[in-house]
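Taking our numbering, I'd label the letters of the sequence shown as residues 113 to 194.
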Amino acid sequence: MPLQLFTIGVYGTDEASFFDALSRHRITHFVDVRALRGLRGGEYRYANAAALQRRLEEMGIAYQHRKDLAPDAETRRLQALK
Numbered sequence: 113m114p115l116q117l118f119t120i121g122v123y124g125t126d127e128a129s130f131f132d133a134l135s136r137h138r139i140t141h142f143v144d145v146r147a148l149r150g151l152r153g154g155e156y157r158y159a160n161a162a163a164l165q166r167r168l169e170e171m172g173i174a175y176q177h178r179k180d181l182a183p184d185a186e187t188r189r190l191q192a193l194k
């Protein structure tokens, strides 16, 4: 079977739909490319680094943080303009 790459964002999801999507697509490895792995507000606490890693481990999904792949400051500034 060919290797498949999926992307997912946390905004616009809730905890159940976020993790359901990972299960539904049979994700085995999760690469976190965020520069900052904490999110403000309680609605996305499941995506903060410690909580996310804990839940992925429970699901049997390997986790890796690759900050070197995160958007740089200029890219984030441009994204904020949208």
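Beta carbons are placed, not taken as given, at the ideal position from N, Cα and C, and that holds for glycine.
Backbone secondary structure at residue i - three-state DSSP
i                 : result
glutamine 191     : helix
tyrosine 158      : helix
phenylalanine 131 : helix
alanine 174       : strand
aspartate 180     : helix
6 Å CB neighbourhood of residue i in its chain, flanking five on each side removed
i             : result
histidine 215 : Residue 215 lies beyond the residue range present for the chain, which begins at 113 and ends at 194; the question has no answer from this structure.
Cutoff 7 Å; reference residue i; Cβ partners in own chain excluding five residues on either side
i          : result
lysine 179 : Ala147
Supposed close pair residue i, residue j - CB separation, criterion 8 Å
i             : j              : result
threonine 140 : isoleucine 173 : 6 Å
tyrosine 158  : glutamate 127  : 4 Å
Residue i to residue j span [Cα, whole Å]
i           : j             : result
leucine 164 : aspartate 184 : 23 Å
8 Å Cβ shell around residue i - same chain, five flanking residues per side excluded
i            : result
arginine 167 : Phe131, Tyr158
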